[in-house]
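Asker:
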Amino acid sequence: MSVRVRFAPSPTGTLHIGGLRTALYNYLLAKQKGGTFILRIEDTDRTRYVAGAEDYIIRSLHWAGILPDEGQSFGGDKGPYRQSDRKEIYSKYAAELVERGAAYYAFDTPEELDAHRAATENFTYNHSVRGSLSNSLSLSPDQVTAKMAAGTAYVIRLKVDGGEEIVINDLIRGSVTFNTSELDDKVLLKADGMPTYHLANIVDDHLMEITHVIRGEEWLPSTAHHVLLYRGFGWEGTMPVFSHLPLILKPVGNGKLSKRDGAKFGMPVFPLNWDSEVPEERVTGFDGAGFMPEAMVNFLALLGWHPSGDQEIFSLDELIQVFSIEQIGKSGARFDYEKAKWFNQKYIQAADNLTLAAYIRPYAKAKGYRTDDNFLQMVASLMKERVTFLSDFVEQGYYIFEPVREYDMDMVQKKWNPAIGSVFATLIEYVEGQDNFEAVYLEESVKGFIQSQGAKPGDILTLLRLALAGTMKGPAVFDMAAALGQAETVARLRKLMSVAG
RNA sequence: GGUCCGUUCGUCUAGGGGUUAGGACACGUCCCUUUCACGGAUGAAACACGGGUUCGAUUCCCGUACGGACUACCA
83 MSVRVRFAPS
93 PTGTLHIGGL
103 RTALYNYLLA
113 KQKGGTFILR
123 IEDTDRTRYV
133 AGAEDYIIRS
143 LHWAGILPDE
153 GQSFGGDKGP
163 YRQSDRKEIY
173 SKYAAELVER
183 GAAYYAFDTP
193 EELDAHRAAT
203 ENFTYNHSVR
213 GSLSNSLSLS
223 PDQVTAKMAA
233 GTAYVIRLKV
243 DGGEEIVIND
253 LIRGSVTFNT
263 SELDDKVLLK
273 ADGMPTYHLA
283 NIVDDHLMEI
293 THVIRGEEWL
303 PSTAHHVLLY
313 RGFGWEGTMP
323 VFSHLPLILK
333 PVGNGKLSKR
343 DGAKFGMPVF
353 PLNWDSEVPE
363 ERVTGFDGAG
373 FMPEAMVNFL
383 ALLGWHPSGD
393 QEIFSLDELI
403 QVFSIEQIGK
413 SGARFDYEKA
423 KWFNQKYIQA
433 ADNLTLAAYI
443 RPYAKAKGYR
453 TDDNFLQMVA
463 SLMKERVTFL
473 SDFVEQGYYI
483 FEPVREYDMD
493 MVQKKWNPAI
503 GSVFATLIEY
513 VEGQDNFEAV
523 YLEESVKGFI
533 QSQGAKPGDI
543 LTLLRLALAG
553 TMKGPAVFDM
563 AAALGQAETV
573 ARLRKLMSVA
583 G
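The numbering of the first sequence is the numbering used here, which starts it at 83 and goes up by one.
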């Protein structure tokens, strides 16, 4: 049987990186096994629906390069893949479950349940209390019929009887046991006719012939209910294998990484930017922060999973080769932004200039800079060894695109004196007279000239750097000069004369 | 509170009954470099605790502590 896995996010806003990681692991397993990766949108809670969220999820998968083979907006013959479009399917199956005696109607209103919770500590709707509540198990058939005829709102609940051990064989955690006496009678179909996660998930996983469920650890406690549902439908034979992923934790402090942590720690926790009319709701994603998707995927893959050995850098293809669910860790992994930055830096260093040019282009364009390939490739080669983010090419290396805005005057003053100044003046003319402006030649030539003038190369070279970049940080002086060209180089040298003198 | 899950350097982790417990990030020092980086070398840094089992436990078992998830007509 071929592997079929699904990523089933809820379109309630931005997808955070924990979700992206879940998608990635599903993708890796599917690709490794020659299986199918499916995207299903779980939008059964209409109160939490956020416009644009589904699109955001899909764009995020595109960005990361982990495209579904099947699913919402990707086609397939087991659709629709959006749960709100499958509403009738769920009510049909819920009714079937009632007929089979595995579920029942409950008429208790939310207010009544709240009252019970207020009155009884740890109130749980389960086998021990349902007899005294309002449902088709406690009421007489006539009463139930009457309530239905009167149009009384109802939900359908899973009938969980106590006294049984449910053993789940989790690929990551081994066997996990739950006693049904501690389980509640979960709502399967809500009063608005929409299913809850539990029902929709099991019905869809069955109908879509899912073989492996890889999802977050937050679902482990309800997995026993899910097993009971498969049994209630008589689907145990094709029940998928479960794997519950450890959570991604906050960089510092307690608890799992939350969407708010992005702002709190000044780092992205989402793949893409999220635009909004409300300024406070806008967020910067890894994309906008200047991360390469390949770097992000590598980082994410290793957050909670690691193959044997010491290798850290893996291409997507390599990840597909070596991935294994069994090697996923059991404990939560703290989100380490420093490590994420290191991966990005490594990927930028390793990328070829043409690839980088394409990544730099949007940033250059936004600043109104030159965006032709040759120029951007040159910027890439000059800066790639010294940047962390893609945005750094235009931020830190702005002086390659436009004139120096600001000089490190402390440094200029430290190096400048009348004697040096006069050597510098003659150097400008010497540079202006050069007919070969290639870096290697220029370096040899200029250094020779400086020495012939009886000056220390160190002093002059520092001023040259300051003239070209304004700062002590940056590429090799003669590489910059060659890249800038003779006319611009001479102009910048003259500018420094006026600034310093 | 209850249920379930977890615990190797600060962080991500490899390992596994007998090891100088390995790597990476971050950090310190040095080298390379007339800048900043890159790169190289090196240093500090861990098996939560207590009982077992065993000739021998960091590794297996049980407790304790601590951390986490869940405990909605949310997913």
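Glycine is no exception: its CB is placed at the ideal position from the N, C-alpha and C atoms.
1) Evaluate Val295 with the Cβ neighbour count: other Cβ atoms within 10 Å of its Cβ, from every protein chain shown; 16 or more gives buried, anything less gives exposed.
2) Does the stretch 524-539 come within contact of the stretch 504-515, defined as at least 3 CB pairs closer than 8 angstroms?
3) If you draw a straight line from the C-alpha of Asn435 to the C-alpha of Phe368, how long is it?
4) Taking the beta strand (DSSP E) that Ile250 falls in, what are its first and last residues?
5) Do Phe189 and Glu152 come within 9 angstroms of each other at the CB atom, strictly closer than that value?
6) Using only alpha-carbon positions, find the residue among Arg574, Lys412, Glu467 and Ile542 that is nearest to Val258.
7) Using the Cα positions of Asp243 and Thr262, report the straight-line distance between them to the nearest angstrom.
8) Between Tyr163 and Arg122, which are expected to be in contact by the criterion C-beta below 8 angstroms, what is the C-beta distance as a whole number of angstroms?
9) Counting C-beta neighbours from all protein chains within 10 Å, is the total for Asn499 16 or more, i.e. buried, or is it exposed?
10) Can you give the Cα-Cα distance for Gly515 and Leu575, rounded to whole angstroms?
11) For Phe355 and Gly370, I'd like the C-alpha separation in whole angstroms.
12) Quick one: Cα of Tyr312 to Cα of Lys341, how far?
13) Spatial neighbours of Asn283 within its chain, please: CB distance less than 8 angstroms, with the 5 preceding and 5 following residues excluded, ordered by chain position.
14) Identify the continuous beta strand (DSSP E) that holds Phe405 and give its terminal residues.
15) Looking only at C-alpha atoms, which of Glu299, Glu520 and Tyr109 sits nearest to Gln563?
16) Going straight from the alpha carbon of Ile410 to that of Arg103, what length do you get?
17) Measure from the alpha carbon of Tyr187 to the alpha carbon of each residue in Thr234, Trp145, Pro93 and Glu170, then state which is nearest.
18) Is Leu289 buried or exposed, if buried means 16 or more other CB atoms sit within 10 Å of its CB?
19) Per DSSP, what kind of secondary structure is Pro328 in: helix, strand or coil?
20) Closest by CA to Ala569, which one among Ile139, Pro485, Leu548 and Leu302?
21) Distance check for Gly116 and Ile330, CA to CA, integer angstroms please.
22) Say whether the stretch 170-186 touches the stretch 224-241, bearing in mind that this needs 3 or more beta-carbon pairs closer than 8 angstroms, one atom from each stretch.
23) Quick one: residues in its chain with C-beta nearer than 6 angstroms to the C-beta of Met276, no 5 flanking neighbours on either side, listed in chain order?
24) One question on the structure: do Ile140 and Gln154 come within less than 9 angstroms of each other, judged by their Cβ atoms?
25) What does a CB cutoff of less than 6 angstroms around Tyr27 pick up in its chain, not counting 5 residues either side in sequence?
Answerer: Checking against the coordinates, here is how it stands:
1) In the first sequence, counting from the first residue as 1, residue 295 sits at position 213. The residue is buried, with at least 16 neighbouring Cβ atoms inside 10 Å.
2) yes
3) In the first sequence, residue 435 corresponds to position 353, counting from 1. In the first sequence, residue 368 corresponds to position 286, counting from 1. Rounded to whole angstroms, Asn435 to Phe368 spans 21 angstroms at the Cα level.
4) To locate residue 250, count along the first sequence from 1; it is residue 168. Here the beta strand (DSSP E) through Ile250 covers Glu247 to Asp252.
5) As a first step, residue 152 must be located in the first sequence, where it is residue number 70. As a first step, residue 189 must be located in the first sequence, where it is residue number 107. In this structure, Phe189 does not lie closer than 9 angstroms to Glu152 by Cβ.
6) On the first sequence, position 176 is the one that residue 258 refers to. With distances taken between Cα atoms, Val258 lies closest to Lys412.
7) Numbered from 1 along the first sequence, position 161 holds the residue referred to as residue 243. Numbered from 1 along the first sequence, position 180 holds the residue referred to as residue 262. One C-alpha to the other measures close to 6 angstroms.
8) Residue mapping note: residue 163 aligns to position 81 of the first sequence, counting from 1. Residue mapping note: residue 122 aligns to position 40 of the first sequence, counting from 1. Going by Cβ atoms, the distance from Tyr163 to Arg122 rounds to 5 angstroms, so yes, they are a contact pair.
9) Position 417 of the first sequence, counting from 1, holds the residue named residue 499. Exposed is the call here.
10) Against the first sequence, residue 515 aligns to sequence position 433. Against the first sequence, residue 575 aligns to sequence position 493. Each residue's Cα considered, the two are about 14 angstroms apart.
11) Against the first sequence, residue 355 aligns to sequence position 273. Against the first sequence, residue 370 aligns to sequence position 288. First, the residue type needs correcting, since residue 355 is Asn and not Phe in the sequence shown. In a straight line, the C-alpha of Asn355 is about 6 angstroms away from that of Gly370.
12) Walking along the first sequence from the start, residue 312 turns up at place 230. Walking along the first sequence from the start, residue 341 turns up at place 259. Rounded to the nearest angstrom, the two C-alpha atoms are 33 angstroms apart.
13) Here the question's residue 283 lines up with position 201 in the first sequence. The answer, listed in chain order, is Ala90, Glu124 and His308.
14) The sequence position of residue 405 within the first sequence is 323, counting from 1. Phe405 -> no beta strand (DSSP E), and no H or E assigned at all.
15) Along the first sequence, one-based indexing puts residue 563 at 481. What sits at residue 563 in the sequence shown is Ala, not Gln. For Ala563, the nearest C-alpha among the options comes from Glu520.
16) Numbered from 1 along the first sequence, position 328 holds the residue referred to as residue 410. Numbered from 1 along the first sequence, position 21 holds the residue referred to as residue 103. Looking at the two C-alpha atoms, the distance is approximately 12 angstroms.
17) By 1-based counting over the first sequence, the position of residue 187 is 105. Measuring from the Cα of Tyr187, the nearest candidate turns out to be Thr234.
18) The residue given as residue 289 occupies position 207 in the first sequence. So Leu289 ends up on the exposed side.
19) The sequence position of residue 328 within the first sequence is 246, counting from 1. The answer is coil: DSSP assigns Pro328 none of H, G, I, E or B.
20) As a working note, residue 569 is residue 487 in the first sequence. When only C-alpha atoms are compared, the closest one is Pro485.
21) The count along the first sequence starts at 1 and reaches residue 330 at position 248. The count along the first sequence starts at 1 and reaches residue 116 at position 34. Whole-angstrom Cα-Cα distance: 28 angstroms.
22) yes
23) By one-based count along the first sequence, residue 276 stands at place 194. Counting only Cβ-Cβ distances below 6 angstroms, and skipping sequence neighbours, we find Thr126.
24) Taking the first residue of the first sequence as position 1, residue 140 is located at position 58. Taking the first residue of the first sequence as position 1, residue 154 is located at position 72. Taking 9 angstroms as the Cβ cut-off, Ile140 and Gln154 qualify as a contacting pair.
25) Because residue 27 is not part of the residues shown, which for the chain are 83 to 583, the question remains open.
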